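Presented below is the structure to which this report refers.
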Amino acid sequence: MELSNGFYSVHEFRLEAKWLIDPKHLFVGPKIGEGAHAKVYEGKYKNQNVAIKIIHKGETPEEIAKKEAQFAREVEMLSRVQHKNLAKFIGACKEPAMVIVTELLLGGTLRKYLVSLRPRCLDTRVAVGFALDIAQAMECLHSHGIIHRDLKPENLILTADQKTVKLVDFGLAREESLTEMMTAETGTYRWMAPEVFLLKQLSCFSTSD
């Protein structure tokens, strides 16, 4: 349903009209990634190569409500933050499935790239360049009051020329102004800040990234 202010609303989900994806123009190709909350496919949208993230809906009413809220948060954040080191947001839709469409990055994850170099080490200049890419992405998020909460090599994707790193997956991201109890969904244990892992800090802050 289109609202008078140029937004589309489906239940609690509100999206500016320019970001609304028409699923009829989506072609879903092979799966290129999978996590606890979603699967990611290579595909096309209006002849543009894209990454298509399909969110798991859940089974119980509680799970469904939680997934829908998570989806709405992720879309809202993606739609208002644009940066050269963040995967470009193209659009989203909620029906017939919760879908987020972003640019397709073909360089693979930073983790796979680093593993492929073994036993060699990453060139220092390249390492510094990647570190700057990551720092700039995080600075952009934090300047908008957004905490990613799941920064790890698997969520850092290289461009096709493997010279630039971009941050992806805002599924666990939160507004810094919101006070929330940390739960098991908060990031990946191996990459968590110590205070988050130990549950000593009940609120999310940018320092947790």
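Numbering (our numbering), first residue to last: 863 to 1071.
Note that the Cβ used here is the ideal one computed from N, Cα and C, for glycine as well.
Keep in mind that this is a model prediction, so the values were computed, not measured.
Query - DSSP-derived helix/strand/coil call for L877 - result: DSSP places L877 within a strand segment (E or B) once states are collapsed to three.
Query - As assigned by DSSP and simplified to three states, the class of I926 - result: Correct three-state label for I926: helix.
Query raised in the report: Would you call I926 buried or exposed, if buried means 16 or more other Cβ atoms sit within 10 Å of its Cβ?
Result: I926 is exposed by the Cβ-count criterion.
Query raised in the report: Where does the unbroken beta strand (DSSP E) through Q910 begin, and where does it stop?
Result: Unbroken beta strand (DSSP E) run through Q910: 910–917.
Report task. Express the C-alpha separation of L994 and K946 in angstroms, rounding to a whole number. Result -> The alpha-carbon atoms of K946 and L994 are separated by roughly 12 Å.
Report task. List the whole-angstrom C-beta distance separating V963 from G953, where the pair is believed to meet the contact cut-off of C-beta under 8 Å. Result -> At roughly 5 Å, the Cβ-Cβ gap stays under 8 Å, so V963 and G953 are in contact.
Report task. List the residues that DSSP assigns as beta-bridge partners of F951. Result -> In the DSSP output, where bridge partners are listed per residue, F951 has T964.
Query - Per DSSP, the bridge partner or partners of I1019 - result: Beta-bridge pairing links I1019 to T971, K1028.
Query - Three-pair Cβ contact test at 8 Å for the segment 1019–1035 versus the segment 887–894 - result: Taking a cut-off of 8 Å on C-beta distances, the segment 1019–1035 does not touch the segment 887–894, as fewer than three cross pairs fall below it.
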